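In the numbering used here, the protein residues as written are 29 to 114.
Worksheet: the structure to be examined is printed underneath.
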Amino acid sequence: MVYETIAFALFALITVGCSLGVVLVRDIWHSALLLGGALLSVAVHYVMLQAEFLAAMQILVYVGGVLILITFAVMLTRIDPEVSST
29 MVYETIAFAL FALITVGCSL GVVLVRDIWH SALLLGGALL SVAVHYVMLQ AEFLAAMQIL
89 VYVGGVLILI TFAVMLTRID PEVSST
């Protein structure tokens, strides 16, 4: 029981820390990576609640789908400072 509480507190801190990082970090690439960390830690919370199907869907849909789309959007819309100055 004590180990479950410690694990919950650890992943709750990871979730809150990553979520704050998504909002506070200026670089959009780092913000997307922190969003992935927050979504993965939410999936861990689902596993701790013995909802493995929800955890799998969280990873497949949100981490696997939405985060990949955000990554592609960041990569395709980045402006090279050398190209934009000319």
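Where is the CB? At the ideal position from N, CA and C, for every residue including glycine.
Note that this is a predicted model, so its numbers are computed, not measured.
Notebook entry, point to check: What is the residue span of the alpha helix (DSSP H) that Met29 lies within?
Noted result: To locate residue 29, count along the sequence shown from 1; it is residue 1. From DSSP, Met29 is part of no alpha helix (DSSP H); its letter is neither H nor E.
Next item on the list: Grab the span of the alpha helix (DSSP H) containing Tyr74 for me, first residue to last.
Entry: Position 46 of the sequence shown, counted from the start, is the residue given in the question as residue 74. Taken as a continuous stretch (DSSP letters only), the alpha helix (DSSP H) holding Tyr74 covers Ile56 to Met76.
Note to self: With a threshold of 7 Å between beta-carbons, can Gly49 be considered close to chain C, or not?
What the structure shows: The structure shown has no chain C; it contains just one protein chain.
Notebook entry, point to check: So what's Glu79 in DSSP terms, helix, strand or just coil?
Noted result: For this step, residue 79 is matched to residue 51 along the sequence shown. In the sequence under discussion, the amino acid at residue 79 is Ala, which differs from the Glu named in the question. The answer is coil: DSSP assigns Ala79 none of H, G, I, E or B.
Check: Where does Ile42 sit, in a helix, a strand or coil, going by DSSP?
Finding: Here residue 42 refers to the residue found at position 14 of the sequence shown. Three-state result, Ile42: helix.
Item checked: Val102 - DSSP class collapsed to helix/strand/coil -> Position 74 of the sequence shown, counted from the first residue, corresponds to residue 102. Helix, per DSSP.
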